[in-house]
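Each remark here refers to the structure printed beneath this line.
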Amino acid sequence: MMKARTPTRLAVLLAFAAALSVSAGDGPGAPPPAPAFDGTAAAALGAMKARADELHVSGVAVVAYAQGDSVASWRSMMLVVGGMTQAPKADDKGANLLGIAYAKASEMASTLKDSGNGGRPPMTGEFGWHGGVVAKGRTGILIAAFSGGRDQDDLSISKVGLAVLAGSL
């Protein structure tokens, strides 16, 4: 009797584990499969780099995608365009541009509004920096952020990335 139940329990556990692994990656709110996002993200980052080069700006570009109407999970990719940090000047400590770009992205994930325009005071961890853009795509939330230039340059670079994301996601 015990031998007959053990394979059955094992089969049930294996079937349950397989169901969890499929639903965890494919359920509502799950990001798109990595290959679908990776190609689009690489193209968006390439466009952002080209725009940054046109503007003679160095910094960090970030793009992200979250499936659905809110951000519970996302896929993101970043690209260093010239330098990840800015050296300290006489009146400041320097800047971690990757940290700033992700701070912009995290603010947009929470507010679903362009960075620095959340309609509320920045929360702890947010700084209200301008230069990131967010939009609703065909199947989810699209985010593009750049840090390294003046606000208007960062915004211009981010808009180019968002346009590429919007064309595919």
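Heads up, the sequence shown is in this note's numbering, so the first residue is 940 and it goes up one at a time. Every residue, glycine too, gets a C-beta built ideally from N, C-alpha and C.
As the crow flies, the alpha-carbon of A1105 is around 7 Å from that of L1081. Going by DSSP, A1005 is part of the beta strand (DSSP E) stretching over G998 to Q1006. Each residue's CA atom was taken as its position, placing D1030 and T1024 some 16 Å apart.
Annotated three-state conformation of K1098 is helix, per DSSP. In this chain, the alpha helix (DSSP H) harbouring K1043 covers L1036 to T1050.
The alpha carbon of W1013 has as its nearest neighbour, out of A1003, R1077, K1098 and A981, the alpha carbon of A1003.
Within the DSSP secondary-structure output, T1078 pairs in no beta bridge. Beta-bridge analysis with DSSP links G1071 to A1084.
When Cβ pairs closer than 8 Å are counted between the two stretches, the region 975-986 is seen not to touch the region 1056-1064, the count staying below three. Taking C-alpha positions only, V1001 is separated from K1032 by approximately 23 Å. A991 is positioned such that its CB atom lies no closer than 8 Å to that of F1066. Its Cα nearest to that of A1040, the residue S1054 stands out among L1108, V1010, S1054 and T1050. Looking at the backbone, the Cα of S1049 and that of N1056 are separated by about 12 Å.
By the Cβ-count criterion, Q1091 is exposed, with fewer than 16 other Cβ atoms from all chains shown falling within 10 Å of its own Cβ. Relative to the Cα of G1076, the nearest Cα in the group A1102, K1043 and G1064 belongs to A1102. V1019 is bridged by DSSP to V999. Counting only residues of its own chain and dropping the five nearest sequence neighbours on each side, L1037 has a CB closer than 6 Å to the CB of V999 and M1023. Annotation for K988: A1000, L1018 and V1020 place their beta carbon closer than 8 Å to its own, counting only its chain and skipping 5 residues before and after.
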